[in-house]
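Notes for the one structure printed next.
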Amino acid sequence: MINKTTLALGAAFAASMSLSVAAVASDAQFGATSMEAGYQLASKDAEGKCGADMKKGAEGKCGAEKKKDAEGFTVRVIQYSQNGMRVTKTTISPPMPSFKDRKPYNIDTMNADSMLVYVDKTNYLVALIYKRKRIRQYRAVFGPDRLKDKFREGDRNTPEGWFKVLAVRDNANWGKFIHINYPNEESFKKHNEAKHKGLIPGNASIGSAIGIHGTYPTGAGMVEMGLGWTDGCVSMTTTDIMDFYKFIKPGMRVYIKR
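In the working numbering, the protein residues as written are 1 to 258.
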């Protein structure tokens with residue numbers, strides 16, 4: 001169950017955040033994951049009807065029923081197709097802190113050591129913090145259960161903690177891929193502790209190829225709907241990733257929190 005008090009506090013914090021920190025470095029193999037291409041809005045059923053609480057769009061497909069609750073949270077009942085199976089899911093998203101105007105910056109003159117990529121899984125956002133000021137923010141989605149940390153390959157969870165950017169690459173599927181250094185030393189520590197506690201199999205591998213990227217061409221709605229569709233990466237819309245990547249350089253700090 002989602003704790004709205006936690007969400008509201010997180011949104012308020014994100015709106016006034018000021019942070020400074022340090023991080024670590026390692027390496028991981030870059031690559032695209034398979035499950036991240038398996039989602040699409042579900043079509044009508046055999047009787048031409050959508051599922052419960054669903055509405056058909058202009059193309060006759062079933063999308064998301066959206067409403068605001070009394071506290072201003074966006075509640076969506078989403079229906080989509082994954083690997084031939086119809087899935088219905090409810091998401092609750094807090095209001096995004098207002099940040100409508102994207103002020104132009106001379107990126108070439110910005111000090112990379114003063115930039116922090118701040119990822120808030122609870123509040124579905126990625127923010128850029130420069131010299132303790134929030135200069136950009138973007139809506140984002142994560143793995144299917146965004147409030148779980150990553151311990152192993154295949155759990156589809158988004159890792160938490162401090163990381164660094166390894167590389168910024170063009171990607172045919174996602175527009176851009178900002179590759180971070182998962183697994184790092186802290187990641188291996190968590191992985192080994194999870195094995196010791198019996199939380200994951202003893203032969204489990206730790207995983208790799210984690211980063212921040214856009215969506216496939218028809219997937220922008222997944223971000224807006226708060227649908228956790230990745231295999232552990234952070235995903236924003238293609239429009240946003242094309243703005244975001246301009247600020248990013250190898251070695252920049254990344255902090256991912258629950």
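Beta carbons: idealized from backbone N, C-alpha and C, even for Gly. Source: prediction; values computed, not measured.
Membership of N192 in the alpha helix (DSSP H) is indicated by the continuous run 185-196. By the criterion of at least three beta-carbon pairs nearer than 8 Å, the region 200-210 is not in contact with the region 164-175.
Counting C-beta atoms within 10 angstroms of its own C-beta, K133 has fewer than 16 neighbours from the protein chains shown and is therefore classed as exposed. Beyond the five residues adjoining it in sequence on each side, G251 comes within less than 7 Å, by CB distance, of A112, K164, V165 in the same chain, given in chain order. When the beta-carbon positions are compared, G161 and I256 come within less than 8 Å of each other. Shown here, D108 sits in a helix according to DSSP, grouped into three states. Nearest Cα to K176 within the set R136, F151, R253, M242: M242. Judged by DSSP in its simplified three-state form, D170 adopts strand. For A220, the enclosing alpha helix (DSSP H) stretches over residues 220-224. At least 8 Å separates the beta-carbon of I248 from that of G211.
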